[in-house]
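Using my numbering, read the sequence shown as starting at 142 and increasing by one per residue.
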Amino acid sequence: MEDFRTKVISFVERFGPILPIQISKELNTNLIFAGAILSELVSRKSLNVTHVKKGGSPYYYVKGQEEKMQSLSINLNNKEKEAYNLLRENLVLMDINLEPWQRVAIRELKDFAKKIEYNQDGNNHIFWRWYLISEEESFQIIKDGLLEGQREEQIVNSNEEKLDIKEEKPKEITEDIKNFDSEIKTEEKIEVKENLDINKLMNGYFDKNKIKVLGSHVVRKNSEINYEVEISSDIGILKYLAKFKNKKIINDKDLSVALSDGLNLGLPVIIYSNGVLNKKGREFLSKKSTYLIFKTIQ
């Protein structure tokens, strides 16, 4: 086992940041085993893991590869990318000066935006620093201009405008967050199809996406079917347990059972459903995304 750990660290040092699937190919093993080794090395602080993900999988890197992480920004959504570019250009941003959507987006940039607090005249200010500059450098930037600009703006503005900011800030942020979740809430109106021909639906999907089916098993008629499949990728053929669930809301228990089924077979899992994940399901998926994928299919 120690040989595997050494090999993984050496591979990441040469090619990081890397995805779990690259490690599974390097070790000639399945994604679950590769994910287990990576998780252990992170817990030992031998490797670091990103918050940004590609297809549900985080990247792994070693200390000293932080600058290379900028290449991962291609995985950000449009709003996050705009906030990312703004921070990269300015190095330090004052939270209260940002638009509501920017304040939401920048909080998602956990790999690139580091929160700092600066106290002046008894007032605590929140700032965001570019991850490649130190706190000392960011504090100097704050002293050299950001706070002075803020102070001048406060002198020009009336106390009424200050009150407006206090009243509107949480409201606007809440509305932005609601907009981010609007698609999910709309999808939760999906009805379960009692007479859905799952095999017809899935075989059409597999054919369209050139996924080879090795076998299938009906778990519950018109409700759940397991498939063993092979999927071509840039690093070769990968085998998965593919599970379809005809269910309106997929929760953390559904994901846990699917993951357990995959572990018993030694396979990573893809869950297909005509429903959507609830909050607990999304939280569970974010923790297990190395070897568990969720896809909506209609």
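A virtual CB, placed ideally from N, CA and C, is assigned to each residue, including glycine.
Checklist entry - CB-CB under 7 angstroms to Ala-224, same chain, minus the five flanking residues each way: which ones, in chain order? => result Gln-243, Ala-246, Ile-247, Leu-250
Item to check | Neighbourhood of Ile-434 by C-beta distance below 6 angstroms, restricted to the same chain and skipping five residues each side | outcome: Gly-197, Ile-411
Next on the checklist: What would DSSP say about Pro-199, mapped onto helix, strand or coil?
Outcome noted: strand
Checklist entry - Which of the three DSSP states, helix, strand or coil, is assigned to Arg-229? => result helix
Next on the checklist: If the criterion is Cβ atoms closer than 8 angstroms, does the pair Leu-213 and Val-193 meet it?
Outcome noted: yes
Next on the checklist: Do Asp-393 and Phe-425 have their beta-carbon atoms positioned less than 8 angstroms apart in this structure?
Outcome noted: yes
Item to check | Reference Ile-282, options Ile-159, Tyr-259, Val-203, closest by Cα | outcome: Tyr-259
Checklist entry - I think Ser-418 touches Ile-378, with their Cβ atoms under 8 angstroms apart; what is that distance to the nearest whole Å? => result Per the sequence shown, the amino acid found at residue 418 is Leu instead of Ser. The pair is not a contact, with the Cβ atoms about 28 angstroms apart (cut-off 8 angstroms).
Item to check | Residue environment, Gln-163, which counts as buried when at least 16 other CB atoms sit within 10 Å | outcome: buried
Checklist entry - In chain order, what residues of the same chain lie with their CB nearer than 7 angstroms to the CB of Thr-315, ignoring the 5 residues before and after it? => result With a pLDDT of 45 at Thr-315, under the threshold of 50, the predicted position of this residue should be treated as unreliable, though the coordinate-derived value follows. Once the five neighbours on either side are set aside, Thr-315 has no close Cβ partner at all.
Item to check | Residue environment, Val-297, which counts as buried when at least 16 other CB atoms sit within 10 Å | outcome: For Val-297, the predicted structure reports a pLDDT of 46, less than 50, and the residue's modelled location is therefore unreliable. The matter cannot be settled from this model.
Item to check | Candidates Asn-363, Ala-254, Tyr-381, Gln-261, of which the one nearest Ser-275 by Cα | outcome: Ala-254
Next on the checklist: Can you give me the C-alpha to C-alpha distance between Gly-422 and Leu-172, rounded to a whole angstrom?
Outcome noted: 21 angstroms
Item to check | Reference Asn-231, options Phe-174, Glu-208, Trp-271, Asp-252, closest by Cα | outcome: Trp-271
Checklist entry - With a CB to CB cut of under 6 angstroms and the five nearest residues on each side skipped, what residues in its chain are close to Phe-152? => result Glu-167
Next on the checklist: Spatial neighbours of Ser-430 within its chain, please: C-beta separation below 8 angstroms, excluding the five flanking residues on both sides.
Outcome noted: Lys-194, Gly-197, Ser-198, Pro-199
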